[in-house]
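So the structure is just underneath, and the comments pick up after that.
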Amino acid sequence: MKAKVYVTLKPGVLDPQGKAIQHSVELLGFGDISDVRQGKYFEIALNDAVVEAEAQAAVTRMAAEVLSNPIIEDYRVEFEA
């Protein structure tokens with residue numbers, strides 16, 4: 138089983154890296170971009186013996202407590218068999 142965790146800045150949180158990326162792609166000729174927000178992506182491989190419900194609970198806790206900063210970031214967890 139594989140878990141995918143997407144971590145993004147909450148709306149309204151300043152994203153200077155996203156602004157720098159937006160500026161760079163505009164200089165490359167991509168002019169129709171109104172905003173760029175950057176984030177983090179994690180793939181977590183789980184042992185085959187782990188129970189799905191336990192895996193979901195563990196990865197969700199990991200995302201909330203370790204992989205994201207709950208003050209400024211949101212996260213989304215997806216699972217793949």
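Take 138 as the starting number for the sequence shown in the numbering used here and just add one per residue. All C-beta atoms in this analysis are idealised placements derived from N, C-alpha and C, irrespective of residue type, glycine included.
In angstroms with no decimal places, state the Cα-to-Cα distance between residue i and residue j.
i       : j       : result
Asn-184 : Lys-141 : 15 Å
Leu-165 : Ala-194 : 43 Å
Take residue i and list the residues in its own chain whose beta-carbon comes closer than 7 Å to its own, dropping the five residues that flank it on each side.
i       : result
Ser-205 : Val-144, Tyr-212
Quick one, which of the options has its alpha-carbon nearest residue i's?
i       : options                            : result
Gln-154 : Ile-181, Val-203, Ile-208, Lys-177 : Lys-177
Gly-149 : Val-214, Glu-210, Glu-217          : Glu-210
Asp-172 : Met-138, His-160, Phe-179          : His-160
Which class does residue i belong to by DSSP, given the choice of helix, strand or coil?
i       : result
Leu-165 : coil
Val-142 : strand
Ile-181 : strand
Gly-176 : strand
Val-214 : strand
Sorted by chain position, which residues of the same chain lie with C-beta nearer than 6 Å to residue i's C-beta, five sequence neighbours on each side aside?
i       : result
Glu-215 : Lys-141
Thr-197 : Val-214
For residue i, does the count of other Cβ atoms within 10 angstroms reach 16, so buried, or fall short, so exposed?
i       : result
Ala-200 : buried
Val-146 : The identity of residue 146 in the sequence shown is Leu, whereas the question assumes Val. With 16 or more other Cβ atoms within 10 Å, it is buried.
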